[in-house]
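Participant: In this text, residue positions in the sequence shown follow the numbering used here: the first is 5, and each later residue adds one.
Ideal placement from N, C-alpha and C gives every residue a C-beta, glycine not left out.
Below: one structure in structure tokens.
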Amino acid sequence: MSGVRTALVWDPAVTAYRFRPDHPFNPRRLELTVSLMEALGLLEAEHVGVVAPRRATDEELMRVHSAEYVAAVKRCSERGARPADGWPWGLGTDDTPLFPGMHDVTSLVVGATLRAAELVMSGEYTRAFNLAGGLHHAHRDRGSGFCVYSDLAAAIAWIREAHGARVMYIDYDAHHGDGVQGIFYDDPEVLTLSIHESGRYLFPGTGFVDELGEGEGFGYSLNVPLEPFTEDDSWIGIYARLLPEVAEAFRPDVIVLQNGCDGHGYDPLTHLRATTRLYEETVRITCEVADRLCGGRVVATGGGGYAIWKTVPRAWSLVWAALSGQTAPDVIPHAWNDRWQGESPDLLPERLRDPAGLFPPVPRRAEIEATNRRTVQSLHRQALPLLRGWGLGF
Ligand SMILES: [Zn+2]
Numbered sequence: 005m006s007g008v009r010t011a012l013v014w015d016p017a018v019t020a021y022r023f024r025p026d027h028p029f030n031p032r033r034l035e036l037t038v039s040l041m042e043a044l045g046l047l048e049a050e051h052v053g054v055v056a057p058r059r060a061t062d063e064e065l066m067r068v069h070s071a072e073y074v075a076a077v078k079r080c081s082e083r084g085a086r087p088a089d090g091w092p093w094g095l096g097t098d099d100t101p102l103f104p105g106m107h108d109v110t111s112l113v114v115g116a117t118l119r120a121a122e123l124v125m126s127g128e129y130t131r132a133f134n135l136a137g138g139l140h141h142a143h144r145d146r147g148s149g150f151c152v153y154s155d156l157a158a159a160i161a162w163i164r165e166a167h168g169a170r171v172m173y174i175d176y177d178a179h180h181g182d183g184v185q186g187i188f189y190d191d192p193e194v195l196t197l198s199i200h201e202s203g204r205y206l207f208p209g210t211g212f213v214d215e216l217g218e219g220e221g222f223g224y225s226l227n228v229p230l231e232p233f234t235e236d237d238s239w240i241g242i243y244a245r246l247l248p249e250v251a252e253a254f255r256p257d258v259i260v261l262q263n264g265c266d267g268h269g270y271d272p273l274t275h276l277r278a279t280t281r282l283y284e285e286t287v288r289i290t291c292e293v294a295d296r297l298c299g300g301r302v303v304a305t306g307g308g309g310y311a312i313w314k315t316v317p318r319a320w321s322l323v324w325a326a327l328s329g330q331t332a333p334d335v336i337p338h339a340w341n342d343r344w345q346g347e348s349p350d351l352l353p354e355r356l357r358d359p360a361g362l363f364p365p366v367p368r369r370a371e372i373e374a375t376n377r378r379t380v381q382s383l384h385r386q387a388l389p390l391l392r393g394w395g396l397g398f
């Protein structure tokens with residue numbers, strides 16, 4: 005599509021979303037990514053812009069969170085709050101510990117995704133990307149899995165309220181997008197599609213094919229649980245086939261895309277085997293579908309990603325390049341490696357894209373691919389008739 009304009013919503017202040025120095029959800033990855041985008045020249049074109057976020061208001065948070073939960077998060081953000089104060093709300097845990105200023109900075113992260121949605125829905129930009137967003141495990145009344153508030157759900161709820169638009173939410177983080185699914189589980193105007201490592205092996209332990217939604221929203225929650233050690237070919241093949249089919253049946257007005265990059269084979273917290281090809285291909289396919297069906301509109305966020313030196317900056321630079329229709333050069337400028345190598349425990353990669361054969365062959369590849377195919381067939385049987393309004397008449 006010609007005339008695409010893409011915004012990066014960014015302010016270094018979002019890096020204050022930080023639990024403790026040794027916590028895997030490390031905001032250094034955001035600085036590393038923006039610095040790599042700059043080094044690659046990806047923030048210079050005339051059709052891209054960098055836009056500052058704003059803080060979400062309490063009203064905006066309470067579109068998707070209860071007043072009691074927001075009040076509890078504020079109390080837990082005070083200096084001197086004890087972990088036990090957060091326990092009834094899923095906070096103060098090992099995964100999602102309390103930190104001073106938690107409410108303020110999470111409101112900024114939510115506001116950044118709201119800003120991205122505003123830029124896209126106003127037509128000022130075609131697509132927008134909030135690297136710091138993607139907090140997909142936050143629930144209405146409960147924090148979980150490094151997530152305090154749901155920037156994704158707040159943006160989707162705003163789009164619904166302000167524009168009455170139909171939203172397709174796509175999540176290919178290695179973990180199931182349980183928070184967003186739960187908040188819109190009975191809503192037929194918000195379709196959620198999550199592709200992730202099976203909950204049999206990975207947090208949060210949900211996201212199976214038979215989680216299809218409830219009430220009016222039955223048929224509008226879709227899940228593809230992948231086998232551990234799934235590689236690019238199987239994953240991209242599923243995405244390339246499923247996404248256009250589902251989008252054509254649902255006819256969204258806008259796509260919200262969560263780009264967690266913890267499905268990469270270097271990630272220390274998961275067991276999937278993607279390479280950087282996944283991020284380029286997924287975003288390319290998504291943008292093609294958006295161009296065809298919904299005026300190109302894509303609101304994108306980051307998400308998980310714990311190989312912060314070797315993977316995240318490359319994966320999200322590729323996401324940004326694909327969103328903004330730019331071809332990223334493959335060689336990483338030396339200046340970027342020189343700037344960061346001293347701090348990195350790993351040898352930083354010299355190429356933006358992983359080479360073929362990066363990982364040793366997976367012995368069970370054929371079995372993994374066959375199981376993934378059966379999972380998609382099962383989803384087809386159960387969900388596509390519902391989406392097309394055919395009912396479950398067989
Ligand atoms: Zn994740």
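1. Measuring CB to CB, does Gly149 end up less than 8 Å from Pro208?
2. Who are the Cβ neighbours of Thr210 in its own chain at under 6 Å, not counting the five residues just before and after it?
3. For the stretch 107 to 136, which segments carrying the beta strand (DSSP E) assignment without a break, of at least 3 residues, lie completely within its bounds, in sequence order?
4. Relative to the alpha-carbon of Leu276, which residue among Leu102, Glu128, Leu46, Glu201 has its alpha-carbon at the smallest distance?
5. Among Gly309, Glu252, Val302, which residue has its Cα nearest to the Cα of Pro389?
6. Over the uninterrupted alpha helix (DSSP H) stretch that includes Gln185, give me the two end residues.
7. Quick one: what's got a C-beta closer than 8 Å to Leu396's C-beta in the same chain, skipping five residues either side?
8. Judging by CA-CA distance, which residue of Pro25, Asp237, Arg146 is the nearest neighbour of Val77?
9. With burial defined as no fewer than 16 other Cβ atoms inside 10 Å of the residue's Cβ, what is the status of Ala326: buried or exposed?
10. So, helix, strand or coil for His200, using DSSP?
11. Does His51 come out as helix, strand or coil in the three-state DSSP assignment?
12. Out of Asn227, Arg255, Leu282, Val213, state which residue places its alpha-carbon closest to the alpha-carbon of Trp239.
13. I'd like the list of long-range same chain contacts for Pro349, defined as Cβ closer than 8 Å, with 5 residues on each side in sequence excluded.
14. Runs of 4 residues minimum, wholly inside the stretch 314 to 380: which ones carry the alpha helix (DSSP H) assignment?
15. Going by the beta-carbon positions, is the gap between Pro92 and Phe23 smaller than 8 Å?
16. Which residue wins for smallest C-alpha separation from His69, given the options Val114, His51, Arg83?
17. Pop quiz: Asp155 and Gly137 are said to be a contact at Cβ under 8 Å. What is the actual Cβ separation, rounded to whole angstroms?
18. Give the single residue among Glu231, Pro28, Asp62, Asn134 whose Cα lies nearest to the Cα of Leu261.
19. For Ala278 and Tyr270, I'd like the C-alpha separation in whole angstroms.
20. Pull up the CB-CB distance for Gly105 and Gly96, whole angstroms please, since I reckon it's below 8 Å.
21. Mind checking Glu118: buried by the 16 CB within 10 Å criterion, or exposed?
22. So within the stretch 232 to 289, which uninterrupted beta strand (DSSP E) runs reach at least 3 residues, ignoring any that extend past its ends?
23. Under 5 Å from any heavy atom of ligand 1, by CB: list those residues in chain order, please.
24. Please determine if the stretch 356 to 366 and the stretch 279 to 299 are in contact, where contact requires at least 3 C-beta pairs separated by less than 8 Å.
25. Tell me the DSSP secondary structure of Leu396 in three-state form.
26. Does the beta-carbon distance from Ser81 to His107 come in below 8 Å?
27. Measure the C-alpha to C-alpha separation of Ala56 and Val152 and round it to an integer number of angstroms.
28. Going by other Cβ atoms of all chains shown within 10 Å of its Cβ, with 16 needed for buried, is Phe398 buried or exposed?
29. Ordered along the chain, which non-local residues of its own chain (more than five positions away) have a Cβ less than 7 Å from that of Leu483?
30. Considering only the beta carbon of each residue, do Gly300 and Val8 sit closer than 8 Å?
31. Taking C-alpha atoms, which residue in Arg67, Glu64, Asp98, Leu65 lies nearest to Asp26?
32. Looking only at C-alpha atoms, which of Arg378, Trp324, Leu383 sits nearest to Val38?
33. When the Cα of Val366 is compared with those of Ala60, Ser111, Thr234, Gly168, which residue comes out closest?
34. Are the beta-carbon atoms belonging to Val302 and Thr290 less than 8 Å from one another?
Facilitator: The short version:
1. One-based indexing of the sequence shown puts residue 149 at position 145. One-based indexing of the sequence shown puts residue 208 at position 204. A contact, by the Cβ cut-off of 8 Å.
2. Mapped onto the sequence shown, residue 210 falls at position 206. The beta carbon of Thr210 sits closer than 6 Å to those of His180, Asp182, Gly203, all from its chain and outside the five residues before and after it, given in chain order.
3. Scanning the stretch 107 to 136 from its first residue to its last, the whole beta strand (DSSP E) runs of 3-plus residues come out as 131 to 134.
4. By 1-based counting over the sequence shown, the position of residue 276 is 272. The candidate whose alpha carbon is nearest that of Leu276 is Glu201.
5. Residue 389 sits at position 385 when you count from the first residue of the sequence shown. The residue with the shortest Cα to Cα distance from Pro389 is Glu252.
6. Locating residue 185 in the sequence shown gives position 181, where the first residue counts as 1. Per DSSP, the unbroken alpha helix (DSSP H) holding Gln185 starts and ends at 182 to 187.
7. Along the sequence shown, one-based indexing puts residue 396 at 392. Because Leu396 carries a pLDDT of 45, less than 50, the predicted location of this residue cannot be relied on, and the following value inherits that uncertainty. In chain order, Gln386, Pro389, Leu390 place their CB closer than 8 Å to the CB of Leu396, counting only its own chain and leaving out the 5 sequence neighbours on each side.
8. By one-based count along the sequence shown, residue 77 stands at place 73. Minimum Cα distance to Val77 is reached at Arg146.
9. The sequence position of residue 326 within the sequence shown is 322, counting from 1. Ala326 should be labelled buried.
10. Locating residue 200 in the sequence shown gives position 196, where the first residue counts as 1. In this structure, DSSP gives His200 an extended state, which the three-state scheme calls strand.
11. Residue numbering aside, residue 51 sits at position 47 when the sequence shown is read from its first letter. In this structure, His51 counts as coil in the three-state DSSP scheme.
12. For the purposes of this step, residue 239 is taken as the residue at position 235 of the sequence shown. Cα-wise, what sits closest to Trp239 is Leu282.
13. The count along the sequence shown starts at 1 and reaches residue 349 at position 345. So the qualifying residues of the chain are Trp313.
14. When DSSP assignments are scanned along the stretch 314 to 380, the uninterrupted stretches of alpha helix (DSSP H) that are 4 or more residues long and fall wholly within it turn out to be 316 to 327, 338 to 344.
15. As a working mapping, residue 92 is identified with position 88 in the sequence shown. As a working mapping, residue 23 is identified with position 19 in the sequence shown. With respect to Phe23, Pro92 sits apart: the two C-beta atoms are not nearer than 8 Å.
16. Sequence index remark: in the sequence shown, residue 69 carries index 65 (1-based). When each option's Cα is compared against that of His69, the closest is Val114.
17. The residue labelled residue 155 in the question sits at position 151 within the sequence shown. The residue labelled residue 137 in the question sits at position 133 within the sequence shown. Rounded, the Cβ-Cβ distance is 4 Å, consistent with contact.
18. Here the question's residue 261 lines up with position 257 in the sequence shown. Closest by alpha carbon: Asn134.
19. Translated into positions along the sequence shown, residue 278 becomes position 274. Translated into positions along the sequence shown, residue 270 becomes position 266. In this structure, the alpha-carbon of Ala278 lies about 9 Å from that of Tyr270.
20. Residue numbering aside, residue 105 sits at position 101 when the sequence shown is read from its first letter. Residue numbering aside, residue 96 sits at position 92 when the sequence shown is read from its first letter. The beta-carbon separation of Gly105 and Gly96, rounded to 15 Å, does not stay under the 8 Å limit for a contact.
21. As a working note, residue 118 is residue 114 in the sequence shown. Reading the sequence as shown, one finds Leu at residue 118 and not Glu. That one is buried.
22. Correct list: 258 to 262.
23. Going by the Cβ distance cut-off, the answer is Asp177, Ala178, His179, Gly264, Asp266, Gly308.
24. With contact defined as three or more Cβ pairs closer than 8 Å, the stretch 356 to 366 and the stretch 279 to 299 are in contact.
25. Within the sequence shown, residue 396 is the residue found at index 392, counting from 1. Note that Leu396 scores 45 on pLDDT, short of 50, meaning its location in the model is unreliable and no value can be drawn from it.
26. Sequence index remark: in the sequence shown, residue 81 carries index 77 (1-based). Sequence index remark: in the sequence shown, residue 107 carries index 103 (1-based). Between Ser81 and His107, the gap from beta carbon to beta carbon is short of 8 Å.
27. On the sequence shown, position 52 is the one that residue 56 refers to. On the sequence shown, position 148 is the one that residue 152 refers to. Their backbone Cα atoms lie some 21 Å apart in a straight line.
28. Here residue 398 refers to the residue found at position 394 of the sequence shown. Confidence at Phe398 is low in this model, with a pLDDT of 33, below 50, so its placement is unreliable and the value that follows should be read with caution. Under this definition Phe398 is an exposed residue.
29. This structure gives no information on residue 483, because the portion of the chain shown stretches from 5 to 398.
30. Translated into positions along the sequence shown, residue 300 becomes position 296. Translated into positions along the sequence shown, residue 8 becomes position 4. Yes; because the gap between Cβ atoms is below 8 Å, this pair is in contact.
31. One-based indexing of the sequence shown puts residue 26 at position 22. Comparing Cα positions, the closest option is Asp98.
32. On the sequence shown, position 34 is the one that residue 38 refers to. Minimum Cα distance to Val38 is reached at Trp324.
33. The residue labelled residue 366 in the question sits at position 362 within the sequence shown. Nearest in C-alpha terms to Val366, of all of Ala60, Ser111, Thr234, Gly168, is Thr234.
34. Along the sequence shown, one-based indexing puts residue 302 at 298. Along the sequence shown, one-based indexing puts residue 290 at 286. Contact flag set, yes.
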